[in-house]
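Undergrad: Numbering (the working numbering), first residue to last: 4 to 434.
A single structure is presented below for examination.
Take a look at the structure:
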């Protein structure tokens with residue numbers, strides 16, 4: 004028997020894992036298989052191939068087996084071969100019962116002996132071992148993990164509410180315009196901090212004296228009219244709305260700011276107004292429209308004052324995204340997400356489910372809204388399921404119209420033939 008253990012730097016000493024491997028966990032079975040294989044090769048019997056396959060599988064299996072029946076989990080062990088092994092076992096037990104021991108009992112005994120010897124060696128090593136140095140990166144990761152797992156309860160009067168501003172709002176190509184955000188907020192006496200946000204442009208946190216941070220259920224996405232038009236053209240508009248819907252914050256505010264007279268923004272003004280209306284009705288976002296950047300910051304000042312009054316007498320506790328309850332202003336105890344949890348879960352490079360990736364793929368198609376994409380994935384949760392449905396169609400014509408009758412939105416309108424054909428061409432056309 005041999006064993007391996009991870010380096011001390013990988014895991015704490017009390018949590019180290021041993022990998023224990025028997026050099027020959029089933030010697031008796033191997034001996035019989037070798038004998039049968041030799042006999043089959045000598046007689047050039049076809050069974051030699053199955054026996055060789057079974058012998059290789061048995062030698063690769065790391066645990067002891069008690070019977071031929073248990074061997075059935077290995078490749079090459081059919082019913083006949085398993086019965087042969089059981090018959091041999093019965094004969095040996097009748098003649099020499101002391102030879103056939105309980106393999107698991109032997110295995111457990113040896114494991115206990117090795118664990119005891121390793122513990123003894125570790126105790127000796129602790130005396131002379133130097134303290135392990137942890138890199139700053141590892142230390143930071145450990146602190147972040149501890150922060151996420153820490154239970155937080157904030158009593159009234161023990162926390163303050165701050166506005167968080169995404170760094171992209173204060174740093175970018177047009178630095179003069181973007182730096183106005185800082186200047187205006189300071190003029191309006193708004194307590195704020197600038198940091199990188201993975202979703203939204205502005206949100207509010209409650210922070211206690213020891214640095215715990217809980218996110219209030221309000222988030223703001225600011226769009227100037229020219230940026231709104233640009234995001235619609237390149238597909239960011241639907242993708243950003245989807246991420247805002249998935250972030251876990253209940254109240255999403257879409258703050259739309261005029262760009263001069265809105266005459267040279269890249270899309271017709273009526274189209275932009277229609278996009279805002281759709282966002283309000285279909286995504287349930289709150290839309291607010293301001294004339295300029297100063298008005299936008301004034302709106303954030305008003306929101307900050309309102310939230311301070313709304314939450315200052317409440318008890319705040321941390322909760323998970325799965326257990327997050329809808330916010331009720333009358334509740335004295337409010338469950339909120341931790342900022343670190345929101346930051347990590349909303350990051351662009353966070354692991355997405357196949358369903359979420361499928362939705363993002365569909366949103367790249369022209370005229371395919373979030374509601375239509377979600378209606379499609381409700382029927383076909385993955386691209387694989389959609390491909391299988393296409394293959395099951397009797398003809399290409401039927402496949403092209405497969406999605407036409409899927410209904411979506413409050414009015415339950417069908418997706419339509421044109422969009423169904425577009426999706427078919429998108430996934431089934433070879434380039």
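Built from N, CA and C at the ideal position, the CB exists for glycine as well.
1. Note the first and the last residue of the continuous alpha helix (DSSP H) segment covering residue 216.
2. From the DSSP output, in three-state form, read off residue 417 for me.
3. What is the rounded straight-line gap between the Cα of residue 375 and the Cα of residue 381?
4. Less than 8 Å between C-beta atoms, sequence neighbours within five positions excluded: which residues of the same chain meet that for residue 158?
5. When you compare the region 50-59 with the region 75-86, are there three or more beta-carbon pairs, one atom per stretch, that lie closer than 8 Å?
6. Take residue 412 and list the residues in its own chain whose beta-carbon comes closer than 6 Å to its own, dropping the five residues that flank it on each side.
7. Looking at residue 250: is its Cβ nearer than 8 Å to the Cβ of residue 339?
8. Classify residue 200 as helix, strand or coil using the three-state DSSP reduction.
9. Taking the beta carbon of residue 277 as the centre, do at least 16 other beta carbons fall within 10 Å, making it buried, or is it exposed?
10. Within this structure, are the beta carbons of residue 418 and residue 402 separated by less than 8 Å?
11. Excluding the 5 residues preceding and the 5 following residue 361 in the sequence, name in chain order all residues of the same chain whose CB lies nearer than 7 Å to its CB.
12. So residue 163 is in the beta strand (DSSP E); what residue range does that whole segment cover?
13. Please name the residue or residues paired with residue 157 in a DSSP beta bridge.
14. Assuming the contact rule is C-beta atoms closer than 8 Å, residue 383 and residue 427 should be a hit. Round their C-beta distance to whole Å, please.
15. Taking contact to mean at least 3 C-beta pairs separated by less than 8 Å, is the region 281-301 in contact with the region 250-260?
16. Less than 8 Å between the C-beta atoms of residue 32 and residue 88, yes or no?
17. Assuming residue 338 is part of the beta strand (DSSP E), what are its boundary residues?
18. In this structure, how does DSSP classify residue 289 when only helix, strand and coil are distinguished?
19. Could you have a look at residue 242 and say whether DSSP puts it in helix, strand or coil?
20. According to DSSP, is residue 208 part of a helix, a strand, or is it coil?
21. Counting Cβ pairs, one atom from each stretch, are 3 or more of them under 8 Å apart for the region 161-169 and the region 202-212?
22. Taking only three categories from DSSP, how would you classify residue 260?
23. Would residue 86 pass as an interface residue toward chain D - the criterion being a Cβ-Cβ separation below 8 Å?
24. Pull up the DSSP beta-bridge partners for residue 195, would you.
25. Leaving out five residues on either side along the sequence, give the residues of the same chain with a beta carbon under 6 Å from the beta carbon of residue 337.
26. Please confirm whether residue 306 and residue 187 have their CB atoms less than 8 Å apart.
27. Given that a residue counts as buried once 16 or more other Cβ atoms are within 10 Å of its Cβ, and exposed if not, what is residue 224?
28. So, helix, strand or coil for residue 427, using DSSP?
29. Around the Cβ of residue 280, are there at least 16 other Cβ atoms within 10 angstroms (buried) or fewer (exposed)?
30. Are the Cβ atoms of residue 436 and residue 66 separated by less than 8 Å?
31. Which stretch, first to last residue, makes up the alpha helix (DSSP H) that contains residue 89?
32. Would you grab the beta carbon distance between residue 205 and residue 168 for me? Rounded to a whole angstrom, and I think it's under 8 Å.
33. Can you round the beta-carbon distance between residue 147 and residue 343 to whole angstroms, since I take them to be within the 8 Å contact cut?
34. Are the CB atoms of residue 420 and residue 405 nearer to each other than 8 Å?
35. What do you get for residue 422, buried or exposed, if any count of 16 or more other CB atoms within 10 angstroms of its CB means buried?
36. Measure the Cβ-Cβ separation of residue 217 and residue 321 and say whether it is below 8 Å.
TA: Result, derived from the coordinates:
1. Taking the chain shown and counting its residues from 1, the one referred to as residue 216 is at position 213. For residue 216, no alpha helix (DSSP H) run applies; the uninterrupted beta strand (DSSP E) run containing it begins and ends at 216-227, by DSSP.
2. Here residue 417 corresponds to residue number 414 of the chain shown, with the count starting at 1. Looking at residue 417 - three-state DSSP - the assignment turns out to be strand.
3. On the chain shown, position 372 is the one that residue 375 refers to. On the chain shown, position 378 is the one that residue 381 refers to. Our two residues, residue 375 and residue 381, have alpha carbons roughly 10 Å apart in a direct line.
4. Against the chain shown, residue 158 aligns to sequence position 155. Hits under 8 Å: 318.
5. yes
6. As a working note, residue 412 is residue 409 in the chain shown. Cβ within range, chain order: 374.
7. Here residue 250 refers to the residue found at position 247 of the chain shown. Here residue 339 refers to the residue found at position 336 of the chain shown. Against a cut-off of 8 Å, the Cβ pair of residue 339 and residue 250 comes out as no contact.
8. Taking the first residue of the chain shown as 1, we reach residue 200 at position 197. Three-state DSSP puts residue 200 in coil, outside helix and strand.
9. Translated into positions along the chain shown, residue 277 becomes position 274. Label assigned to residue 277: exposed.
10. Taking the chain shown and counting its residues from 1, the one referred to as residue 418 is at position 415. Taking the chain shown and counting its residues from 1, the one referred to as residue 402 is at position 399. In this structure, residue 402 does not lie closer than 8 Å to residue 418 by Cβ.
11. Your numbering for residue 361 matches position 358 in the chain shown. Counting only Cβ-Cβ distances below 7 Å, and skipping sequence neighbours, we find 380, 385, 386.
12. Residue 163 sits at position 160 when you count from the first residue of the chain shown. Here the beta strand (DSSP E) through residue 163 covers 162-169.
13. Start at 1 with the first residue of the chain shown, and residue 157 comes out as number 154. Answer by DSSP bridge pairing, in chain order: 319.
14. Locating residue 383 in the chain shown gives position 380, where the first residue counts as 1. Locating residue 427 in the chain shown gives position 424, where the first residue counts as 1. Incorrect: roughly 12 Å between the Cβ atoms, too far for contact.
15. yes
16. As a working note, residue 32 is residue 29 in the chain shown. As a working note, residue 88 is residue 85 in the chain shown. Yes; because the gap between Cβ atoms is below 8 Å, this pair is in contact.
17. Here residue 338 refers to the residue found at position 335 of the chain shown. Looking at the DSSP string, the run of the beta strand (DSSP E) that includes residue 338 is 336-341.
18. The residue labelled residue 289 in the question sits at position 286 within the chain shown. Strand.
19. Here residue 242 refers to the residue found at position 239 when the chain shown is read from its first residue. In the displayed model, residue 242 falls within a helix according to three-state DSSP.
20. For the purposes of this step, residue 208 is taken as residue 205 along the chain shown, with counting starting at 1. Three-state result, residue 208: strand.
21. The region 161-169, when compared against the region 202-212, does touch it at the 8 Å Cβ threshold.
22. By 1-based counting over the chain shown, the position of residue 260 is 257. In the structure shown, residue 260 sits in a strand (DSSP, three-state: E or B).
23. Reference to chain D is not applicable here, since this structure consists of a single protein chain.
24. In the chain shown, the residue the question calls residue 195 occupies position 192. In the DSSP output, where bridge partners are listed per residue, residue 195 has 166.
25. Taking the first residue of the chain shown as 1, we reach residue 337 at position 334. So the qualifying residues of the chain are 317, 319.
26. Here residue 306 refers to the residue found at position 303 when the chain shown is read from its first residue. Here residue 187 refers to the residue found at position 184 when the chain shown is read from its first residue. The answer is no: Cβ separation not under 8 Å.
27. Residue mapping note: residue 224 aligns to position 221 of the chain shown, counting from 1. Flag for residue 224 reads buried.
28. As a first step, residue 427 must be located in the chain shown, where it is residue number 424. Residue state, collapsed to three classes: helix.
29. Stepping through the chain shown from its first residue, residue 280 is reached at position 277. It counts as exposed.
30. With the chain covering 4 to 434 only, the question about residue 436 has no answer from this structure.
31. Stepping through the chain shown from its first residue, residue 89 is reached at position 86. Segment 82-98, the alpha helix (DSSP H) holding residue 89.
32. As a first step, residue 205 must be located in the chain shown, where it is residue number 202. As a first step, residue 168 must be located in the chain shown, where it is residue number 165. Right, the Cβ-Cβ distance comes to about 6 Å (below 8 Å), so this counts as a contact.
33. Locating residue 147 in the chain shown gives position 144, where the first residue counts as 1. Locating residue 343 in the chain shown gives position 340, where the first residue counts as 1. The Cβ separation is near 6 Å, so the contact holds.
34. Here residue 420 refers to the residue found at position 417 of the chain shown. Here residue 405 refers to the residue found at position 402 of the chain shown. For residue 420 and residue 405, no; Cβs fall outside 8 Å.
35. Your numbering for residue 422 matches position 419 in the chain shown. The residue in question, residue 422, is buried, as its Cβ has 16 or more Cβ neighbours within 10 Å.
36. Within the chain shown, the letter at position 214 stands for residue 217. Within the chain shown, the letter at position 318 stands for residue 321. Cβ distance < 8 Å, so residue 217 and residue 321 count as in contact.
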